[in-house]
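Report on one structure; see the data block that follows.
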Amino acid sequence: MRQIESLILEGVLRDGDRLPGERDLAASMNVSRPVLREALKALEARGLIVARQGGGNYVANVVGEVFSAPMRELIAAHPKATADYLEYRREIEAITAEMAARRSTSADRQMIASIIQRMEEVHAAGDFDAEAEIDVEFHNAVGECAHNFILLHSLRSCYRLLSDGVFQSRAKLYHLRGAREALLAQHRSIAGAILAGDAAAAREAAMAHIDFIIQATAESERADDWQRVAQLRLQHRLQGRTPSAPEALSPGLGGEADGE
Numbered sequence: 161m162r163q164i165e166s167l168i169l170e171g172v173l174r175d176g177d178r179l180p181g182e183r184d185l186a187a188s189m190n191v192s193r194p195v196l197r198e199a200l201k202a203l204e205a206r207g208l209i210v211a212r213q214g215g216g217n218y219v220a221n222v223v224g225e226v227f228s229a230p231m232r233e234l235i236a237a238h239p240k241a242t243a244d245y246l247e248y249r250r251e252i253e254a255i256t257a258e259m260a261a262r263r264s265t266s267a268d269r270q271m272i273a274s275i276i277q278r279m280e281e282v283h284a285a286g287d288f289d290a291e292a293e294i295d296v297e298f299h300n301a302v303g304e305c306a307h308n309f310i311l312l313h314s315l316r317s318c319y320r321l322l323s324d325g326v327f328q329s330r331a332k333l334y335h336l337r338g339a340r341e342a343l344l345a346q347h348r349s350i351a352g353a354i355l356a357g358d359a360a361a362a363r364e365a366a367m368a369h370i371d372f373i374i375q376a377t378a379e380s381e382r383a384d385d386w387q388r389v390a391q392l393r394l395q396h397r398l399q400g401r402t403p404s405a406p407e408a409l410s411p412g413l414g415g416e417a418d419g420e
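So the sequence shown is numbered by this note's numbering: it starts at 161 and just counts up by one.
Next comes the structure, spelled out in structure tokens:
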């Protein structure tokens with residue numbers, strides 16, 4: 161049981177991952193199948209795995225439950241949450257990238273290089289959905305390279321909000337002129353610093369990445385506001401009228417005084 165717990169805690173097994181069959185799992189852990197069954201029942205009772213009838217055992221969605229559905233709805237409905245989210249990411253990703261540069265193993269660096277290569281490919285293909293997915297995968301991988309359990313699962317719960325579409329502004333970023341190219345370059349910089357073992361550069365690159373997202377998000381919101389106003393102006397012109405004046409003037413600026 162401890163072995164499976166460690167695999168979940170270390171992020172090797174993720175939510176939704178299917179565990180090997182009983183025979184293979186028992187053999188790999190060097191325990192009997194009856195002992196394994198008892199361990200699996202205990203893990204299921206604790207909410208760490210889910211047994212599906214005829215379908216095996218799966219890692220439970222423990223990370224996704226950090227933010228409840230009502231809380232995700234609240235976060236999505238309040239603009240200030242986006243600013244707070246990005247502020248949090250700026251600080252935690254800076255620490256994460258710095259630790260990743262210092263602690264990453266050769267296998268970690270191979271993983272980062274592989275993800276960046278795939279990121280280049282989906283970028284060239286212009287596949288926005290795939291680009292968004294690999295963006296999250298990259299940041300999760302950096303978290304894994306930091307080799308800190310608490311940090312890793314905090315980041316995964318944070319990025320789950322992105323994957324679940326809580327922050328709709330992310331999709332808009334890809335449509336800003338030059339944004340996709342800038343984001344790719346920033347990911348390259350973070351990856352390059354980690355691969356080089358340059359902790360200071362990794363930290364700076366991570367902070368610069370979020371600074372860009374904050375600025376781009378503001379520009380996107382401003383562009384949306386311009387579009388809204390422009391649409392109203394066009395509508396009034398097409399209807400042959402202008403916006404109505406205020407129904408009442410401020411006291412002392414027109415009309416008769418009231419009772420004086």
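Beta carbons: idealized from backbone N, C-alpha and C, even for Gly.
Please state the DSSP three-state secondary structure of Arg-212. strand
From the DSSP secondary-structure annotation, give me the bridge partner or partners of Tyr-218. Arg-178 and Val-210
Given Phe-298, which residues of its chain have a CB within under 7 Å of its CB, disregarding the five upstream and five downstream residues? Ile-275, Met-279 and His-347
Mapping the DSSP letters down to three states, classify Val-191 as helix, strand or coil. coil
Going by other Cβ atoms of all chains shown within 10 Å of its Cβ, with 16 needed for buried, is Ile-289 buried or exposed? According to the sequence as given, residue 289 is Asp; it is not Ile. Asp-289 comes out exposed.
Counted within 10 angstroms of its Cβ, other Cβ atoms place Ser-188 as buried (16 or more) or exposed: exposed
Hey, how far is the Cα of Ile-235 from the Cα of Glu-251? 19 Å
Which same chain residues end up closer than 7 Å to Ile-168 when comparing Cβ atoms and leaving out the 5 residues on each side of it in sequence? Leu-208 and Val-219
For Ile-350, does the count of other Cβ atoms within 10 angstroms reach 16, so buried, or fall short, so exposed? buried
Between the CA atoms of Leu-398 and Leu-409 - distance to the nearest angstrom: Legend: pLDDT at Leu-409 = 44, less than 50; position of this residue unreliable, no value from coordinates given.
With a floor of 4 residues, list each alpha helix (DSSP H) that falls wholly inside the segment 311–380, ordered by position along the chain. 329–333 and 339–356
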